[in-house]
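Chains as they are written, first to last, in our numbering: chain A, 2 to 259; chain B, 420 to 706; chain C, 169 to 510. We treat Cβ as the ideally placed atom computed from N, Cα and C, and that holds for glycine. Following: one structure in structure tokens, then a few remarks.
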Amino acid sequence: MPPDPNAALSVRGIEKRFGYITAVDGVNLDIHAGEICGLTGPNGSGKSTLFDCCTGLQTANAGRVFAHGMDITGWEMHRIVREARVIRSFQKAVVFKALSVEDNLVLAGQMVGFPGMASTFGIGPASWRRVRTLREQAGHLLDMVGLAHMRHAPAGKISFGQQKLLQFASMLMPQPRVILLDEPMAGVNPVLIDRMMENIRRANQEQGITFLVVEHNLDAMKALCHRLVVLSRGAIIADGTPDAVVREPSVVEAYLAG
Amino acid sequence: MLMDVLVNGITAGSVYALVAVGMTIIFGVLRAINFAHGEYYMMGTFASWWGIETFDLPYIVSIPLALAVVAAIALAIGLLVMRRLIDAPFQIGVVATLGVSLILQNTVILIFGGTYKMFDGGWIEPVEIGSVSLSQQRILIVVASLLIFAALELVVRKTRFGKTMRAVAQNIEACNVVGVDVPRVVVGTFVLGCTLAALSGVLTAPVTVSLYGGMGTSITVKTFAIIVIGGVGNVSGTLLAAWLLALTESVVATYLGLQFRDGVAFTALIVVLTFLPGGLFSKRERF
Amino acid sequence: MASVSSHGVNTHGNYVYANRQHGLRIAGFAALVAALAAAPLVASEYQVHALIVSMVFLLPALGLNLIHGYAGMLSFAQMAFFGIGAYTSALLAMRFGTPFWLNIAAGGLVAGLVAIPLGVPALRLRRYSFVMCTLGFAVIAQTIAKNWVSVTRGDLGLSNVPRPRIALWNGGFEISDIKSYYYLALMLAILAVLAFIAIVSSAAGRYMIAIREDETLAASVGTPTWHYRMIAFALSAVFAGAGGSFYVHYFTVISPTVFDPFYANTLLVIVLGGGVGTVGGVILGSFMFVALSEALRIAPDIRMIAYGVLLVVIVFACPEGLLPLVMRKIGTSPAKEVANAT
Numbered sequence: 002m003p004p005d006p007n008a009a010l011s012v013r014g015i016e017k018r019f020g021y022i023t024a025v026d027g028v029n030l031d032i033h034a035g036e037i038c039g040l041t042g043p044n045g046s047g048k049s050t051l052f053d054c055c056t057g058l059q060t061a062n063a064g065r066v067f068a069h070g071m072d073i074t075g076w077e078m079h080r081i082v083r084e085a086r087v088i089r090s091f092q093k094a095v096v097f098k099a100l101s102v103e104d105n106l107v108l109a110g111q112m113v114g115f116p117g118m119a120s121t122f123g124i125g126p127a128s129w130r131r132v133r134t135l136r137e138q139a140g141h142l143l144d145m146v147g148l149a150h151m152r153h154a155p156a157g158k159i160s161f162g163q164q165k166l167l168q169f170a171s172m173l174m175p176q177p178r179v180i181l182l183d184e185p186m187a188g189v190n191p192v193l194i195d196r197m198m199e200n201i202r203r204a205n206q207e208q209g210i211t212f213l214v215v216e217h218n219l220d221a222m223k224a225l226c227h228r229l230v231v232l233s234r235g236a237i238i239a240d241g242t243p244d245a246v247v248r249e250p251s252v253v254e255a256y257l258a259g
Numbered sequence: 420m421l422m423d424v425l426v427n428g429i430t431a432g433s434v435y436a437l438v439a440v441g442m443t444i445i446f447g448v449l450r451a452i453n454f455a456h457g458e459y460y461m462m463g464t465f466a467s468w469w470g471i472e473t474f475d476l477p478y479i480v481s482i483p484l485a486l487a488v489v490a491a492i493a494l495a496i497g498l499l500v501m502r503r504l505i506d507a508p509f510q511i512g513v514v515a516t517l518g519v520s521l522i523l524q525n526t527v528i529l530i531f532g533g534t535y536k537m538f539d540g541g542w543i544e545p546v547e548i549g550s551v552s553l554s555q556q557r558i559l560i561v562v563a564s565l566l567i568f569a570a571l572e573l574v575v576r577k578t579r580f581g582k583t584m585r586a587v588a589q590n591i592e593a594c595n596v597v598g599v600d601v602p603r604v605v606v607g608t609f610v611l612g613c614t615l616a617a618l619s620g621v622l623t624a625p626v627t628v629s630l631y632g633g634m635g636t637s638i639t640v641k642t643f644a645i646i647v648i649g650g651v652g653n654v655s656g657t658l659l660a661a662w663l664l665a666l667t668e669s670v671v672a673t674y675l676g677l678q679f680r681d682g683v684a685f686t687a688l689i690v691v692l693t694f695l696p697g698g699l700f701s702k703r704e705r706f
Numbered sequence: 169m170a171s172v173s174s175h176g177v178n179t180h181g182n183y184v185y186a187n188r189q190h191g192l193r194i195a196g197f198a199a200l201v202a203a204l205a206a207a208p209l210v211a212s213e214y215q216v217h218a219l220i221v222s223m224v225f226l227l228p229a230l231g232l233n234l235i236h237g238y239a240g241m242l243s244f245a246q247m248a249f250f251g252i253g254a255y256t257s258a259l260l261a262m263r264f265g266t267p268f269w270l271n272i273a274a275g276g277l278v279a280g281l282v283a284i285p286l287g288v289p290a291l292r293l294r295r296y297s298f299v300m301c302t303l304g305f306a307v308i309a310q311t312i313a314k315n316w317v318s319v320t321r322g323d324l325g326l327s328n329v330p331r332p333r334i335a336l337w338n339g340g341f342e343i344s345d346i347k348s349y350y351y352l353a354l355m356l357a358i359l360a361v362l363a364f365i366a367i368v369s370s371a372a373g374r375y376m377i378a379i380r381e382d383e384t385l386a387a388s389v390g391t392p393t394w395h396y397r398m399i400a401f402a403l404s405a406v407f408a409g410a411g412g413s414f415y416v417h418y419f420t421v422i423s424p425t426v427f428d429p430f431y432a433n434t435l436l437v438i439v440l441g442g443g444v445g446t447v448g449g450v451i452l453g454s455f456m457f458v459a460l461s462e463a464l465r466i467a468p469d470i471r472m473i474a475y476g477v478l479l480v481v482i483v484f485a486c487p488e489g490l491l492p493l494v495m496r497k498i499g500t501s502p503a504k505e506v507a508n509a510t
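Shown next as structure tokens:
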């Protein structure tokens, strides 16, 4: 099956084994440009491994990954981020704790704000201008996620939910095309969950960013996603609209068994 | 000539192995590299020498004395410093044990002076085996280290303490949950590891004859090479790696020159780290 | 299982974000420079010498601070690079009679160039493996210095290294009295500190901090982590090499003892004691170290014991180092600002 050139992210036959365990077993998946696609499944179903293989954190044993028709298989993570503009979040490590809230955003924007590696060492007016632009952009994003009042606080000192919002905002800095979110709602209180969903929707509608979201919170997924894909034992067992998918017997069974 | 090289290599390798296995088991439970490890070797030698010089003890009596002294010091360091390294970031382990190394080494120099001392003890009568002549002490070193490795393997596999040790090495959090006294195991392992280093020092002293306060440093760095080559946490790998390193050193010292001997360990270390990060004898992850 | 590396607590504990006290910092730096510039007027010749030594050690210490405090890699190779810079400069000056400024540039450059091939294997390693590998460089460098007798004269070392000459219209003059050395060292120290500040406050400096905090997360915001780790490693070598170069032109002798662990420990005391990941802390650390070592000069063993105790106490009692501690005491603590901000 050739990759869909219009798909924001195409996965073809991805397989990942750890010793005798097959974590991802020949998955094919197309994430269409502009959609918010949910990815769910019981623990150990291979969601995170699939994520890791798409973003260069792990190398798949077989299969290829395409972003906007471009073959990104085997690229290092930073190159996928820079050149394919496919950005991911992490469950545990969320922000750079020693940097201020604002500097977290400036850092994330540097890859578009600074043209080359040599320019990152610049100390002249051109560099100041670049950083100032990034700070302005950061200011807008902090307003959007509601963290503007703590822009100078070290990111390690704000609450975990706020850190997740900050992480989300920092992913918007480098003008991404695809964002992969790894459990954005886990460990976040209900008020911030609503704010997070609102921000995802806005980024999707206003900037046309494609989302692939791994999440266990099915209610949030139903409310947020255009499409839901369910993974079990490394293979896709259901794919469709959220309402249809959660009623499928195989999905119910996988969740009960898992 | 070749026989000498072989004998020297095996003897020195057994000495290194005893020191290195101590560091390996300490790393196992603590996930920290002990930069002071060679100092316990040095202190073992000094304690034995001190017993012989000051109280005119026979060598055989000075051995338990040395072990007791070093075990006591190790217990103090274990309680004061090493216990705090549980779950600490790795830099803290490096800097703290480096500090301990400076303290121990220079305290010994302060007390006994920085000059070379002569070690007068042990069984240095030559023994003829076929055409080879070697001292009794060398035979003792090799036999003792083999026995100790066998005993250690037995302790780790069969005894209660050994099992807790392995449990802590595998998963500290789980041990905390099921109520294992982790600090106690850590300190116990640390004392055991340091005492092994001291034993190695005492056994070697009659062969190397001279001792001085700074002698631990080169032992520490050689130990790094050995545990990396042998695969960290791998007891039998440690023994093989120690022999391998010592034999190579012996060959280099004989055919290239003594001054190149100490470079062997680090060249081997860098080569192994670069090409075989898990060591020659194991597939464990990097550390 | 691949997950984002969680190194746990950030032992550096520094707060690089505090830009608000920019003015205060510049004033502090200016005051320090003024005080140092005036120092030879009141200080004894011996004290001036001690100040020169502390400014010589400031350079490799800044390098260690860059690689450890900012890029998060504990390296023991600093003294190897210091020695390489020193030997390079000495050989250039002795064999070709090259001028001082060229020597110091060459010392830094050669050290930086040597760091690159060393970095290729070393930077694949993390944590302990990296520490051991860099320690190995120092040992191997010492072995080479001892045994390459035709170039380094082995254990004897090189002596009678020419003193720096400053070229002027009237033919220039040789720097031979201690006060001229002092001002040369001060100038060099100021340049080094400014260069250091420029590096760590640039976008690249932010990348380095990101790598220290969490390498995987840094890659996820598009940081080519390997490249920046390599650059930090090479730059730290440049600082050390330049320091070594000045060292050899001041003491006019160099021997393989420069690679001894003593000096590596000294650098650790300076950087960790002063305040890792800060600029002021390392400056404070160098002066503190010289004060300490001069105070304990009569008893080198006790000095080393004091270093040992200091290292142990620092890592457990104040892992941030002295400067952040002092700052908190006088109430300009970044931590307090944060409390107000949140």
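Round the Cβ separation of residue i and residue j to the nearest angstrom and send it over; I've been treating them as touching at under 8 Å.
i, j, result
"P208/C", "Y350/C", "5 Å"
"R557/B", "V626/B", "6 Å"
"L232/A", "G241/A", "Between G241/A and L232/A the Cβ distance is about 14 Å, and since that is not below 8 Å, they are no contact."
Does the beta carbon of residue i come closer than 8 Å to any beta carbon on chain C?
i, result
"N525/B", "yes"
"T534/B", "no"
"M186/A", "no"
"I452/B", "yes"
"G441/B", "no"
"G518/B", "yes"
"L630/B", "no"
"T642/B", "no"
"V601/B", "no"
"G47/A", "no"
"V606/B", "no"
"V448/B", "no"
Quick check on residue i: buried or exposed, where buried means 16 or more other Cβ atoms within 10 Å of its Cβ?
i, result
"G632/B", "buried"
"P545/B", "exposed"
"H79/A", "buried"
"M355/C", "exposed"
"G259/A", "Residue placement at G259/A is poorly supported in this model, since its pLDDT is 49, which falls under 50; the coordinates still yield a value, given next. When all chains shown are included, G259/A counts as exposed."
"K48/A", "buried"
"V506/C", "At V506/C the pLDDT is 39, less than 50, meaning the model places this residue with poor confidence and gives no usable figure here."
"G110/A", "buried"
"V189/A", "buried"
"G75/A", "exposed"
"W129/A", "exposed"
"R248/A", "exposed"
"E103/A", "buried"
Step through the CB atoms of chain A and report whether any lies within less than 8 Å of the CB of residue i.
i, result
"S388/C", "yes"
"I367/C", "yes"
Using a C-beta cutoff of 8 Å, does residue i count as contacting chain B?
i, result
"P289/C", "yes"
"I235/C", "no"
"N315/C", "yes"
Along chain F, in chain order, which residues have C-beta atoms closer than 8 Å to that of residue i?
i, result
"A515/B", "In the displayed structure, chain F is absent; the protein chains listed are A, B and C."
Members of the stretch 650-684 of chain B near chain C, C-beta cut-off 9 Å: Residues V651, G676, Q678, F679, D681, G682 and A684.
Contiguous beta strand (DSSP E) assignments of at least 3 residues, all confined to the stretch 212-251 of chain A: 228-233 and 236-241
Near-chain C residues of the stretch 488-509 of chain B - C-beta to any C-beta below 9 Å: Cβ contacts with chain C come from L499, V500, R503, D506, A507, P508 and F509.
Near-chain B residues of the stretch 423-446 of chain C (beta-carbon distance less than 7 Å), N- to C-terminal order: P429, N433, L436 and L440
Whole alpha helix (DSSP H) elements within the stretch 295-374 of chain C, 4-residue minimum: 295-315, 317-320 and 346-368
Alpha helix (DSSP H) runs wholly inside the stretch 421-490 of chain B, at least 4 long, in chain order: 421-449 and 456-474
Contacting positions in the stretch 371-398 of chain C - beta carbon closer than 9 Å to chain A: Answer in chain order: A371, A372, G373, R374, Y375, I377, A378, R380, E381, D382, T384, L385, A386, A387, S388, V389, G390, T391, P392, T393, W394, H395 and Y396.
Where the stretch 106-117 of chain A meets chain C: residues whose CB sits under 9 Å from a CB there: V107, L108, A109, G110, Q111, M112, V113, G114 and F115
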